[in-house]
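Number of protein chains: 2
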Amino acid sequence: MTEGQVTIVDVAATAGVSLSTASKALNGRDRVSQSTRDRVVRVAQELGYRPNVRAQRMRTGRSSVVALVTALPAQIVSEAAHLGFLLELSFPIAEQCLRNGYSMLLVPPVSDLAALDQLDIDGAIVVDPRADDPIADRFRSRGVTVVTVGKDGAGAADAYLDRGAGGADVMLDHLADAGARHVAVALSRQPYSLADSHLAYLESRSDEHLRVSVIRADASAGEEGGYVAVREALVSDPSIDAVYAPLDALAAGGLRAAVDLGRTVPDDLMVATNYDGRRAALAQPAITALDLNLPVIGTRVADLLLGLLNGRQVAVAHSPTPVVIARASTSR
Amino acid sequence: MTEGQVTIVDVAATAGVSLSTASKALNGRDRVSQSTRDRVVRVAQELGYRPNVRAQRMRTGRSSVVALVTALPAQIVSEAAHLGFLLELSFPIAEQCLRNGYSMLLVPPVSDLAALDQLDIDGAIVVDPRADDPIADRFRSRGVTVVTVGKDGAGAADAYLDRGAGGADVMLDHLADAGARHVAVALSRQPYSLADSHLAYLESRSDEHLRVSVIRADASAGEEGGYVAVREALVSDPSIDAVYAPLDALAAGGLRAAVDLGRTVPDDLMVATNYDGRRAALAQPAITALDLNLPVIGTRVADLLLGLLNGRQVAVAHSPTPVVIARASTSR
DNA sequence: AACTTTTGCGAAAACCTTTCGCCACACTCT
DNA sequence: AGAGTGTGGCGAAAGGTTTTCGCAAAAGTT
Numbered sequence: 001m002t003e004g005q006v007t008i009v010d011v012a013a014t015a016g017v018s019l020s021t022a023s024k025a026l027n028g029r030d031r032v033s034q035s036t037r038d039r040v041v042r043v044a045q046e047l048g049y050r051p052n053v054r055a056q057r058m059r060t061g062r063s064s065v066v067a068l069v070t071a072l073p074a075q076i077v078s079e080a081a082h083l084g085f086l087l088e089l090s091f092p093i094a095e096q097c098l099r100n101g102y103s104m105l106l107v108p109p110v111s112d113l114a115a116l117d118q119l120d121i122d123g124a125i126v127v128d129p130r131a132d133d134p135i136a137d138r139f140r141s142r143g144v145t146v147v148t149v150g151k152d153g154a155g156a157a158d159a160y161l162d163r164g165a166g167g168a169d170v171m172l173d174h175l176a177d178a179g180a181r182h183v184a185v186a187l188s189r190q191p192y193s194l195a196d197s198h199l200a201y202l203e204s205r206s207d208e209h210l211r212v213s214v215i216r217a218d219a220s221a222g223e224e225g226g227y228v229a230v231r232e233a234l235v236s237d238p239s240i241d242a243v244y245a246p247l248d249a250l251a252a253g254g255l256r257a258a259v260d261l262g263r264t265v266p267d268d269l270m271v272a273t274n275y276d277g278r279r280a281a282l283a284q285p286a287i288t289a290l291d292l293n294l295p296v297i298g299t300r301v302a303d304l305l306l307g308l309l310n311g312r313q314v315a316v317a318h319s320p321t322p323v324v325i326a327r328a329s330t331s332r
Numbered sequence: 001m002t003e004g005q006v007t008i009v010d011v012a013a014t015a016g017v018s019l020s021t022a023s024k025a026l027n028g029r030d031r032v033s034q035s036t037r038d039r040v041v042r043v044a045q046e047l048g049y050r051p052n053v054r055a056q057r058m059r060t061g062r063s064s065v066v067a068l069v070t071a072l073p074a075q076i077v078s079e080a081a082h083l084g085f086l087l088e089l090s091f092p093i094a095e096q097c098l099r100n101g102y103s104m105l106l107v108p109p110v111s112d113l114a115a116l117d118q119l120d121i122d123g124a125i126v127v128d129p130r131a132d133d134p135i136a137d138r139f140r141s142r143g144v145t146v147v148t149v150g151k152d153g154a155g156a157a158d159a160y161l162d163r164g165a166g167g168a169d170v171m172l173d174h175l176a177d178a179g180a181r182h183v184a185v186a187l188s189r190q191p192y193s194l195a196d197s198h199l200a201y202l203e204s205r206s207d208e209h210l211r212v213s214v215i216r217a218d219a220s221a222g223e224e225g226g227y228v229a230v231r232e233a234l235v236s237d238p239s240i241d242a243v244y245a246p247l248d249a250l251a252a253g254g255l256r257a258a259v260d261l262g263r264t265v266p267d268d269l270m271v272a273t274n275y276d277g278r279r280a281a282l283a284q285p286a287i288t289a290l291d292l293n294l295p296v297i298g299t300r301v302a303d304l305l306l307g308l309l310n311g312r313q314v315a316v317a318h319s320p321t322p323v324v325i326a327r328a329s330t331s332r
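These protein sequence lines map, in sequence, to chains E and C.
Under the UniProt record's numbering, residues 1 to 332 are what the first sequence spells out, in order.
Under the UniProt record's numbering, residues 1 to 332 are what the second sequence spells out, in order.
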């Protein structure tokens, strides 16, 4: 195939210096006279020397790789727009990493935690961790620095990006402004960090102007889960005049349920969701969603992790305030 | 931090066997008696031994990592929907890799080829390579197996996934059926593999029923590039009654140009594109696009690469036939 | 001139694993 | 009994790099 790789030994020999001097000259680490440094660099250039990354990693114990992994189960990832969320996040993270000499591993949801041990990484970004997240734990037990997107309740991570109420505040304000009096918030039955944040916020939110109640849906069933849960809620409590389902699959299912029950949207019932994916934009009527500004979130969480890996002391960052994208489903 | 990692030396010592025997027992490689094997495995378990991935890679010369990288310049990637294309592709690839014990590195467009040398990978998937693609070359000169999505003209890759006419055939059929007589195909001025495939196909395509002419646009300028190119074409040749721009940014720009010129879509002029992203779906009127079946493409190209890495002899795979998603922009 | 500090470089260890060659032993066949 | 054949296990050698330590020569100081 290729001629035997040219190693640093070859460079040193050709340049007439010792191994260690060559290494120091190339890495700029230690004190080497300018003349020898130049000579070594020139020889390396001429010989086409490329350091063996594996050997470097072996020796230094660092790999300059970080992983992006979601803590949500595969079902939810594929059913809801979480996949889109993840992917939109992945690119800015990958860019930020590359810019800082790191590269990013995209890890699909795994059933087997042991598979995570195979990843040669310095750090990981865990999206939407559960409390005491097993993935984050597994990484950290190995010495991998972990940062989470979404507050990590039990402190399983080294740092996290706080998403606050996750946009629930912004959206509820919007719904209230639009005239809603009783919002049913549809959350996944399976717990994850953002849903918890939502919940925490919601409990403090109900006031005389806006009543907020929580309903639970089976997110792994996708739209169907939203359909079932919202239908039941609408039937049992006619005072509900708005449905807010952060997961877009639940919102889309809820919309269908409302239509099937003869409610018109938005006049009888408003519908809103978080992630602004195709599902929301193309629904009939189009569903109001949030602009989460994922590029900024991605960049910030990447900075957080990279900062930690470079020894800076940081513990928390904040996501930008989401902006409501008002669509037909909430504009009366 | 953590207590010093437990190595295979510790396992061997505790189990009372030699280093090499412990290694063989754990890897199931060579002949070891069942009793010692069991003992070693049990000890490893008890000690919580996890092999040092970096040392393994160093020794074996394999990393079980592949990279996904696009050959298109960063400008086009961000301007056109190529980013969406890439991301939709990335997930099935990452899944397929993980399923086979590999992991996938997502690499943003790089300006500096040397950065690619930092990636510790066994193989790479290069999307939309140019002829004699420098990225593919760089990888292969290092001994990295390369597979491309989109035919690699000059054979810079070890294998490729053939996208045929890239859907141009399907779309032209659709336009002809819809009543088009003269289609202007807007291609990026910058060459890349799919545009070449389109071109090759288009040259053989013009017949008495359907005239096909090619116009060139500056794709790095995004929609504006499409606007300028299409406007000029429409003004200089009034017989054009359809615009087909594989890159969605060009199609969207073209649509705007047509409207500004007072042409109504689809009655005076039809518009179509390849990638079915938000831009196409949300345009006014909505733009007809193709369902490329990216999950299947991703899985196939991953299989191609993984096959090669596992020593199987494969050279080419084919993408599924795209299906037209007919929207208002082409239905009279 | 004698002493101390700085500077440039080399030898060797360490990182942890896999693999190659070899030996000892037990067993089988002539 | 001696030669041949497997089998289980061991020791040592890579694999390529970074880093620590020490030494000697040069430079600086009293």
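Using N, Cα and C, we set each Cβ at its ideal position, and we do this for glycine too.
Residue closest to residue i, alpha-carbon to alpha-carbon, out of the options
i: G222(C); options: L292(C), A245(C), S204(C); result: A245(C)
i: V149(C); options: Q5(C), S141(C), V107(C), A159(C); result: A159(C)
i: G143(C); options: D173(E), I93(E), N52(E), F91(E); result: N52(E)
i: M104(C); options: D112(C), V110(C), D122(C), R37(C); result: D122(C)
i: T273(E); options: A289(E), A124(E), E208(E), V17(E); result: A289(E)
i: R205(E); options: L172(E), A217(E), R231(E), E95(E); result: L172(E)
i: A186(E); options: L87(E), A55(E), A249(E); result: A249(E)
i: A328(C); options: M270(C), A67(C), A80(C); result: M270(C)
i: E224(C); options: R140(C), A80(C), S111(C), V296(C); result: A80(C)
i: Y102(E); options: R37(E), A67(E), L83(E), I287(E); result: A67(E)
i: V110(C); options: P109(E), V296(E), R99(E); result: R99(E)
i: S331(C); options: S141(C), S213(C), I287(C); result: I287(C)
Contact check, residue i vs residue j, beta carbons under 7 Å
i: G226(C); j: G253(C); result: yes
i: I215(E); j: A229(E); result: yes
i: V301(E); j: V126(E); result: no
i: L72(C); j: D128(C); result: yes
i: I76(E); j: S236(E); result: no
i: L87(C); j: L87(E); result: yes
i: D169(C); j: R189(C); result: no
i: V65(C); j: V107(C); result: no
i: residue 334(E); j: M58(C); result: As shown, chain E starts at 1 and ends at 332. That puts residue 334(E) outside it, with no answer to give.
i: F139(E); j: A157(E); result: no
i: A74(C); j: V43(C); result: no
i: A251(C); j: L175(C); result: no
i: S78(E); j: D120(E); result: no
Cβ shell of residue i (< 6 Å), same chain only, five flanking positions each side left out
i: A22(E); result: I8, V11, A12, V40
i: L89(C); result: L294, G298
i: R263(C); result: L269
i: P285(E); result: V265, A328, S329
i: F85(E); result: Y275
i: G167(C); result: N274, L290, P322
i: P92(E); result: P295, G298, T299
Close Cβ partners of residue i (< 7 Å) along its chain, the five nearest in sequence each way excluded
i: V316(C); result: A159, Y160, D162
i: V32(E); result: T21, K24, A25
i: V6(C); result: L47, G48, Y49
i: A233(E); result: A184, I215, I240
i: V17(E); result: T36, V40
Own chain partners of residue i with C-beta closer than 8 Å, once the 5 adjacent residues on each side are dropped
i: R211(E); result: R181, H182, V183, S239
i: T2(E); result: Low local confidence applies: a pLDDT of 42 at T2(E) is under 50, so the model's placement there is unreliable, with the coordinate-based value given in what follows. Cβ neighbours of T2(E) beyond the five flanking positions: none.
Heavy atom of the ligand SAM within 6 Å of residue i beta-carbon
i: V243(E); result: You won't find the ligand SAM in this model; it holds no ligand whatsoever.
Could I get the ranges of all uninterrupted beta strand (DSSP E) runs contained in the segment 209-297 of chain C, with 3 residues as the minimum, in chain order? Assignment of beta strand (DSSP E) within the segment 209-297 of chain C, counting only whole runs of 3 or more residues, yields 211-217, 242-245, 270-275, 288-291 in chain order.
Would you say the segment 162-179 of chain C touches the segment 132-139 of chain C, given that touching needs at least three Cβ pairs under 8 Å? These segments do not touch.
Between the segment 297-312 of chain E and the segment 298-309 of chain C, can you find at least three pairs of beta-carbon atoms closer than 8 Å? No, because fewer than three Cβ pairs between the segment 298-309 of chain C and the segment 297-312 of chain E fall closer than 8 Å, the two stretches do not touch.
Which runs of the beta strand (DSSP E), 3 residues or longer, sit entirely within the segment 72-128 of chain E? Scanning the segment 72-128 of chain E for uninterrupted beta strand (DSSP E) segments of 3 residues or longer gives 103-107, 123-127, listed from N- to C-terminal end.
Pairing CB atoms from the segment 317-324 of chain E with CB atoms from the segment 107-125 of chain E, are three or more of them under 8 Å? These segments do not touch.
May I ask you to verify whether the segment 188-206 of chain E touches the segment 258-265 of chain E, counting CB pairs closer than 8 Å and requiring at least 3? Result no; under three Cβ-Cβ pairs closer than 8 Å.
Threshold first: 3 residues or longer. Then list the beta strand (DSSP E) segments lying entirely within the segment 168-217 of chain E, N to C. Entirely contained in the segment 168-217 of chain E, the beta strand (DSSP E) runs reaching 3 residues are, in chain order, 182-188, 211-217.
At what residue ranges does the UniProt domain "HTH lacI-type" (6-60) of chain E contain a whole run of the alpha helix (DSSP H), taking only runs of 4 or more? If only complete runs of 4 or more residues are kept, the UniProt domain "HTH lacI-type" (6-60) of chain E shows the alpha helix (DSSP H) at 8-15, 19-27, 34-47, 53-60, in order along the chain.
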